[in-house]
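In my numbering, the protein residues as written are 24 to 198. From the three backbone atoms N, C-alpha and C, an ideal C-beta is built for every residue, glycine too.
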């Protein structure tokens, strides 16, 4: 073993810093560090998330839900911040009931739909910060008879090959 590629979450960031402090060759993917010893690469998810939510606002949506990964990492924090930026910039109050933290897997998407669509005033659009959650959401919408996109608009994040097999197709932020 001559080096490692690391993926961190909030609770494991200290491990990345320890590895860097030891001088072992490493790079952290999808996270940012102030510590200059830690090598990392990441994308700016915030501005692209803001543009995605702005797209929904431009389509006339005012009740926009957010499904964000419950495991804290820089990428998902950026995506949540971009969602909030777009709402604030357009004078739309952030409703904490419209923000759902879930585990980023298919069943998480079904949970999001169950929770948000049972609100007294459900969203007309939902921004998902993870592609697998979108799949679960689309499946649950089909089971409940919710028509996407005519009754509920969905925008996801990340482009995976599997997205091309989703029905209906969903808009996604592709970096």
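**Study point:** Alpha-carbon spacing of residue 84 relative to residue 147, whole angstroms
**Key:** Translated into the one-based positions of the chain shown, residue 84 becomes position 61. Translated into the one-based positions of the chain shown, residue 147 becomes position 124. Going by the C-alpha atoms only, they are around 6 angstroms apart.
Exercise for review: Indicate whether the contact test is met: 3 or more Cβ pairs, each with one atom in the segment 109-126 and one in the segment 84-94, closer than 8 angstroms.
Suggested key: yes
Review point. In terms of DSSP beta bridges, what is residue 29 paired with?
Key: Residue numbering aside, residue 29 sits at position 6 when the chain shown is read from its first letter. Note: residue 29 sits in a beta bridge opposite 51.
Exercise for review: Give me the Cβ distance between residue 24 and residue 39, rounded to the nearest whole Å; I'm assuming they're in contact under 8 angstroms.
Suggested key: Taking the chain shown and counting its residues from 1, one reaches residue 24 at position 1. Taking the chain shown and counting its residues from 1, one reaches residue 39 at position 16. About 16 angstroms separates the two Cβ atoms, so there is no contact after all.
**Study point:** Same chain, Cβ closer than 7 angstroms to residue 44, five either side skipped, listed in chain order
**Key:** To locate residue 44, count along the chain shown from 1; it is residue 21. Result list for residue 44: 60, in chain order.
Review point. Cα separation between residue 168 and residue 152?
Key: The residue you call residue 168 lines up with position 145 of the chain shown. The residue you call residue 152 lines up with position 129 of the chain shown. Answer to the nearest angstrom: the Cα atoms are 23 angstroms apart.
Point to revise | Candidates 69, 136 and 99: closest to residue 18 by CA position | key: An answer regarding residue 18 cannot be provided, because it is not within the stretch 24 to 198 covered by the chain.
Check your understanding: Are the Cβ atoms of residue 181 and residue 154 separated by less than 8 angstroms?
Key -> Residue 181 sits at position 158 when you count from the first residue of the chain shown. Residue 154 sits at position 131 when you count from the first residue of the chain shown. Yes, Cβ-Cβ distance for residue 181 and residue 154 is below 8 angstroms.
Exercise for review: Rounded to whole angstroms, what's the CA-CA distance from residue 232 to residue 33? Just pull it up for me.
Suggested key: The shown model of the chain, from 24 to 198, leaves out residue 232, and the question about it has no answer.
Review point. DSSP three-state call for residue 84: helix, strand or coil?
Key: Numbered from 1 along the chain shown, position 61 holds the residue referred to as residue 84. Correct three-state label for residue 84: coil.
Point to revise | Pairwise C-alpha distance: residue 194 and residue 170 | key: If you number the chain shown from 1, residue 170 lands on position 147. If you number the chain shown from 1, residue 194 lands on position 171. Roughly 15 angstroms separates the two Cα atoms.
Review point. For the alpha helix (DSSP H) that residue 158 lies in, which residues bound it at each end?
Key: Sequence index remark: in the chain shown, residue 158 carries index 135 (1-based). Start and end: 154-167.
**Study point:** Same chain, Cβ closer than 7 angstroms to residue 73, five either side skipped, listed in chain order
**Key:** Here the question's residue 73 lines up with position 50 in the chain shown. The residues are 105, 108 and 109.
Exercise for review: Note the first and the last residue of the continuous alpha helix (DSSP H) segment covering residue 42.
Suggested key: Within the chain shown, numbered from 1, the residue matching residue 42 stands at position 19. Its alpha helix (DSSP H) spans residues 36-45.
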